[in-house]
């Protein structure tokens, strides 16, 4: 969720609400100014730059004249008050209010609101405050943005308070008849009205539930206003909207101050109405260009890239993969005393490309090498075990950045600590270790054998650095078959004895709207089937590999649903065999999610997500990329059932839980990642209660996080005896209370709006309720092991004997990525590379191609000759294209194109028919002329000797002769090119030789001139030989392979396309050649 800055940037719309009559919906207009912040960001604060005025008439509230709209003036340290009063003359005539506009709450209580002042009073009020440091809570910052607004005279009893905010079950409307600075605890005081999902509000509801203490003469206008406000709130996808005070006088309704939050995932719906909304950092934290750069990368990428600078002078920097993992690393740094030195918070996740990771990494490295620290600096490159991100690819991007910054990194005494797991992580760790050796930068590399946050203790000096870290057991070789034979499915043993699953609970029945159907206790069995939406072939193959090692009788994927193709089959692997499968999100707006949840509850359906990888039941079923690739499935023993069930918000952290649980217990029974959005389809207690009622589950692990109150329901369930199995629980985000300014973490729901939603408060409550709560995430594995060992000792758990799973061949692409196999490439290319973030032409980024203004000629030079040609050469190429573009409709190529076009053929067919006529006799003489003249010149043959030899051999001199043009009627195309070459080429020996030949041939016949083909051919040889970019052999090779004819083909294609379009535009019919223009020459004995 994103919250816009109030004030001049995004006066969040209330002052544009127009309510023409009672019971009408609000029509909303937003200003053009405005902006954006990180996805998921929520902030509480202040202000709308306007005292919006509604008149009260018999027909209902009505907007007064337009001069009341958005009347505010912005003041910064650079403001010129003379210009300001010219732009806003009302500043000189009206009483004013002045206040800071920097996301500061409770400004009135802090003495930061000046009321009922004239302009001189405003200036005097600003003097001790403008551009001065102020302390608000823990945060210190400079006051540099202020608003001046018209003062609205009113009485205290005319002030009211109204607030609308979203919850899982619907939207609450709070109203209090006493608003203003001293409103106090509105949650306790205010009257509340819940408008459930899909319900509508009416004025009678408002009057009965909210306005009982309001004077009778104000009830109608307030009821109408609140209904319109709620309609606007829904239409524009607000999640929070607070007005305090809302003033109602005899003249109308005024909105004096407003705070709001909008759901950024609804941008595709509301963009036109929102405008360009800007989101500055909270008070106490400056906005940095690097943050905006990463935000721009994030917006252009399907991955997630986030960066928040906390203390640019700090010595501890992080580069963490995953939204949940990024919070855990920050928690651990703060727990170990590093909060004052923590420089940044951020994440990269969602499978960013090598180039995107490079851009992200170089930004971090640039920031951390700008200012030295007396103790040196540390960079923590961490993450959980990835589900689908190619670790090798992302690490290669980081390695590129480290190489680019190796000298500054050594100068600033940077030590790097790396811990990662996931697809191809072995290769990623290898290249990371290699770059440490080659650059001399201290880089300590660890894999999944090391606890996720152990490197934090190493980096901060709290634990020793292993000299030689243990090698992970699940290397790529673990997956390779030991023999050429495979084990048939019918002969394979089950990894662990699994009873045929019996679905507990009741099947969903049709129920009345508004009521909930009973949900099944068991979500997944060995008979569970899935239909996969979209062409997610990698995820499907991962599910099938999981099915195979779990000894399922048949695949869990029954179909791929892909609406953009016809009905067909897609090929996948089932163990060693190929099979066919029939082929017939983060970013869901919260309002839509709540409707889905309501519909699911009515039908008794459990939803996992949105914003998650899903869930897994070892030995039975897994959703999509959950559990990662096959090596992690095997290493975490997810091919057979264990005794521990878990539920997590984070998808990436769920894979880390798989790893921790497999190393400390007999493994996972079931795991679900519910998703990081504010309103996941199912909540913690949905799954905790399922696990409580599932006999195979002996203990439960919950990984909660900052934000929301769902963890308190677990506390209540434990206290009430509803949950009796041991629960190990830890809420991440404990660092949030240590930061001086607010930080929005990776998940949309990871934001505490009140003290009870902090991770610290929830961990305390869980421990008091009887859950097993570690001191930090670092100790989570130890607590899980202690609880498990105790259950084993008591006989509650009887660990099953391990049975090795069947082997599965490694995918070719994976094995190649790990460097286990090699294969020569099918194609080679040296002119273009589209794999990175930016297209490269012969190594030059496309942005540079445009910046240098090399034009079409320069682009052709890059793609044809792999050279950046001199400017005159680029111009010559473009001139050649221009003069060869067309030569009328009578030439054979144009004629063919026209005939084909008139036969009703398409552009490509018509163009091809024209191009096929190009050869030695039409247009294709460039190469032949270049070769003939070059050979004669290079052999030392005199022009006359060359002419006589060609005549003696009975051969035509290519490039000599024209049907129309002659020495007396010269071809101006040749003349133009000749003038340019003579003026710009450093040497034109071959052209001079050809012109001497022309003198000899035209003396014999006037039309035996050097034609345009011949001229371009010989001049291009001069260009290649003398421009300084080619050796003699390279220049000759380009002539030999036919590059010069390409000039004519490319140029004349423009003309052929022109003829095609011309015939279509003129609507010419089928062409038939007239009989009288054909000589019919038949054998005499056949003619009459």
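In this note's numbering, the protein residues as written are 2 to 1089.
No residue lacks a Cβ here, since even glycine has one placed at the ideal position from N, Cα and C.
Check: DSSP three-state call for residue 598: helix, strand or coil?
Finding: The residue labelled residue 598 in the question sits at position 597 within the chain shown. Note: residue 598 maps to helix in three-state DSSP.
Next item on the list: Identify which residue in 1008, 879 and 958 has its Cα closest to the Cα of residue 970.
Entry: Locating residue 970 in the chain shown gives position 969, where the first residue counts as 1. Cα-wise, what sits closest to residue 970 is 1008.
Next item on the list: Look at residue 1010 and residue 956 and say whether their C-beta atoms are less than 8 Å apart.
Entry: Walking along the chain shown from the start, residue 1010 turns up at place 1009. Walking along the chain shown from the start, residue 956 turns up at place 955. With contacts defined by Cβ atoms closer than 8 Å, residue 1010 and residue 956 do not form a contacting pair.
Next item on the list: Report yes or no: do three or more beta-carbon pairs, one from the segment 612 to 632 and one from the segment 371 to 391, lie closer than 8 Å?
Entry: yes
Checklist line | Cβ-Cβ distance between residue 1003 and residue 958 below 8 Å | finding: Counting from one through the chain shown, the residue named residue 1003 turns up at place 1002. Counting from one through the chain shown, the residue named residue 958 turns up at place 957. Contact: no.
Check: In three-state terms, what does DSSP make of residue 560?
Finding: Position 559 of the chain shown, counted from the start, is the residue given in the question as residue 560. Residue 560: strand per DSSP, three-state reduction.
Margin query: Could you tell me the alpha carbon to alpha carbon distance between residue 278 and residue 241, rounded to whole angstroms?
Written below: The sequence position of residue 278 within the chain shown is 277, counting from 1. The sequence position of residue 241 within the chain shown is 240, counting from 1. Spanning the two alpha carbons is a distance of roughly 16 Å.
Note to self: Here's the rule I'm using: 16 or more other beta-carbon atoms within 10 Å means buried, otherwise exposed. How should residue 197 be labelled?
What the structure shows: Here residue 197 refers to the residue found at position 196 of the chain shown. Its Cβ having fewer than 16 others within 10 Å, residue 197 is exposed.
Check: Whose C-alpha, out of 423, 97 and 315, is nearest the C-alpha of residue 372?
Finding: Within the chain shown, residue 372 is the residue found at index 371, counting from 1. Selected option, being the one with the closest Cα: 315.
Next item on the list: Measure the CB-CB distance between residue 787 and residue 774 and report whether it falls below 8 Å.
Entry: Residue numbering aside, residue 787 sits at position 786 when the chain shown is read from its first letter. Residue numbering aside, residue 774 sits at position 773 when the chain shown is read from its first letter. Their beta carbons are not under 8 Å apart, which means residue 787 does not touch residue 774 by this criterion.
Margin query: Suppose you measure from the CA of residue 91 to the CA of residue 151; what does that come to, to the nearest Å?
Written below: Locating residue 91 in the chain shown gives position 90, where the first residue counts as 1. Locating residue 151 in the chain shown gives position 150, where the first residue counts as 1. Cα-Cα distance, rounded: 8 Å.
Next item on the list: Return yes when the Cβ of residue 418 is within less than 8 Å of the Cβ of residue 379, no when it is not.
Entry: By one-based count along the chain shown, residue 379 stands at place 378. By one-based count along the chain shown, residue 418 stands at place 417. It is a contact, given that the beta carbons lie within the stated cut-off.
Next item on the list: Report yes if the C-beta distance between residue 346 and residue 370 is below 8 Å; otherwise report no.
Entry: Against the chain shown, residue 346 aligns to sequence position 345. Against the chain shown, residue 370 aligns to sequence position 369. No, they are not a contact pair.
Next item on the list: Report yes if the C-beta distance between residue 617 and residue 639 is below 8 Å; otherwise report no.
Entry: Counting from one through the chain shown, the residue named residue 617 turns up at place 616. Counting from one through the chain shown, the residue named residue 639 turns up at place 638. Their beta carbons are under 8 Å apart, which means residue 617 touches residue 639 by this criterion.
Note to self: Using C-beta distances below 8 Å, list every residue in its chain close to residue 782, excluding the 5 sequence neighbours before and after it, in chain order.
What the structure shows: For the purposes of this step, residue 782 is identified with residue 781 of the chain shown, where counting begins at 1. Once the five neighbours on either side are set aside, the close Cβ partners of residue 782 are 452, 661, 664 and 665.
Next item on the list: Alpha carbon to alpha carbon, how far is residue 1076 from residue 1082? Give it in angstroms, no decimals.
Entry: Indexing the chain shown from 1 puts residue 1082 at position 1081. Indexing the chain shown from 1 puts residue 1076 at position 1075. Computed Cα separation, rounded: 13 Å.
Notebook entry, point to check: Do you know how far the Cα of residue 813 is from the Cα of residue 488?
Noted result: Here residue 488 corresponds to residue number 487 of the chain shown, with the count starting at 1. Here residue 813 corresponds to residue number 812 of the chain shown, with the count starting at 1. With a pLDDT of only 32 at residue 488, under the threshold of 50, the placement of this residue in the model should not be trusted, and no figure is reported.
Margin query: Please report the straight-line C-alpha distance between residue 725 and residue 693, rounded to a whole angstrom.
Written below: Along the chain shown, one-based indexing puts residue 725 at 724. Along the chain shown, one-based indexing puts residue 693 at 692. Spanning the two alpha carbons is a distance of roughly 7 Å.
Checklist line | Sequence-distant residues of the same chain with beta carbon closer than 7 Å to residue 992, five excluded per side | finding: Counting from 1 along the chain shown, the entry for residue 992 is found at position 991. These residues qualify, in order along the chain: 982, 1019, 1020 and 1023.
Next item on the list: Measure from the alpha carbon of residue 543 to the alpha carbon of each residue in 952, 381 and 815, then state which is nearest.
Entry: On the chain shown, position 542 is the one that residue 543 refers to. Residue 543 has its Cα closest to that of 815, out of 952, 381 and 815.
Margin query: Relative to the C-alpha of residue 575, which candidate in 1031, 595, 537 and 553 has its C-alpha closest?
Written below: Walking along the chain shown from the start, residue 575 turns up at place 574. Here the closest residue by C-alpha is 553.
Notebook entry, point to check: How many whole angstroms separate the CB atoms of residue 646 and residue 733, which I take to be in contact at a CB cut-off of 8 Å?
Noted result: If you number the chain shown from 1, residue 646 lands on position 645. If you number the chain shown from 1, residue 733 lands on position 732. The Cβ separation is near 19 Å, so there is no contact.
Check: In whole angstroms, what separates the C-alpha of residue 203 from that of residue 228?
Finding: Locating residue 203 in the chain shown gives position 202, where the first residue counts as 1. Locating residue 228 in the chain shown gives position 227, where the first residue counts as 1. Rounded to the nearest angstrom, the two C-alpha atoms are 6 Å apart.
Checklist line | Residue environment, residue 610, which counts as buried when at least 16 other CB atoms sit within 10 Å | finding: By one-based count along the chain shown, residue 610 stands at place 609. Counting Cβ neighbours within 10 Å, residue 610 comes out buried, since at least 16 surround it.
Next item on the list: Return yes when the C-beta of residue 832 is under 7 Å from any heavy atom of the ligand MG, and no when it is not.
Entry: Summarising the ligand content, the structure contains no ligands, and the ligand MG is consequently not present.
Next item on the list: Would you decide whether residue 776 is buried or exposed? Buried here means 16 or more other CB atoms lie within 10 Å of its CB.
Entry: Here the question's residue 776 lines up with position 775 in the chain shown. Classification of residue 776: exposed, given that the 10 Å Cβ count is below 16.
Notebook entry, point to check: CA-CA distance, residue 800 and residue 367?
Noted result: Start at 1 with the first residue of the chain shown, and residue 800 comes out as number 799. Start at 1 with the first residue of the chain shown, and residue 367 comes out as number 366. Cα to Cα, the separation comes out at about 51 Å.
Notebook entry, point to check: With 16 other CB atoms within 10 Å as the buried threshold, where does residue 940 fall?
Noted result: Here residue 940 refers to the residue found at position 939 of the chain shown. With fewer than 16 Cβ atoms within 10 Å of its Cβ, residue 940 is classed as exposed.
Margin query: Once the 5 residues before and after residue 691 are set aside, which same chain residues still bring their CB inside 7 Å of it?
Written below: Stepping through the chain shown from its first residue, residue 691 is reached at position 690. Around residue 691: 522.
Next item on the list: List the DSSP bridge partners of residue 417.
Entry: Working through the chain shown from its first residue, we reach residue 417 at position 416. Residue 417 pairs with 380 and 444.
Note to self: Less than 8 Å between the beta carbons of residue 385 and residue 323, yes or no?
What the structure shows: Translated into the one-based positions of the chain shown, residue 385 becomes position 384. Translated into the one-based positions of the chain shown, residue 323 becomes position 322. Yes, the Cβ-Cβ distance between residue 385 and residue 323 is below 8 Å.
Next item on the list: Can you grab the Cα-Cα spacing for the pair residue 135 / residue 464, in whole Å?
Entry: As a working mapping, residue 135 is identified with position 134 in the chain shown. As a working mapping, residue 464 is identified with position 463 in the chain shown. Whole-angstrom Cα-Cα distance: 39 Å.
Check: Given a threshold of 16 other Cβ atoms within 10 Å of its Cβ, counted over all protein chains shown, does residue 681 qualify as buried or as exposed?
Finding: Position 680 of the chain shown, counted from the start, is the residue given in the question as residue 681. Burial is judged here by how many other beta carbons sit within 10 angstroms of a residue's own beta carbon; residue 681 has at least 16 and is buried.
Notebook entry, point to check: Which value, in whole angstroms, describes the spacing of the CA atoms of residue 381 and residue 333?
Noted result: As a first step, residue 381 is located in the chain shown; it is residue number 380 there, counting from the start. As a first step, residue 333 is located in the chain shown; it is residue number 332 there, counting from the start. Each residue's alpha carbon lies about 12 Å from the other.
Note to self: Just verifying my parser: in three-state terms, what is the DSSP assignment at residue 490?
What the structure shows: Along the chain shown, one-based indexing puts residue 490 at 489. Caution applies to residue 490, whose pLDDT of 35 falls short of 50 and renders its modelled position unreliable; the value that the coordinates give is listed next. In this structure, residue 490 counts as helix in the three-state DSSP scheme.
Next item on the list: Identify whether residue 655 lies in helix, strand or coil by the three-state DSSP scheme.
Entry: Counting from one through the chain shown, the residue named residue 655 turns up at place 654. Look at residue 655 here: in three-state DSSP terms it is helix.
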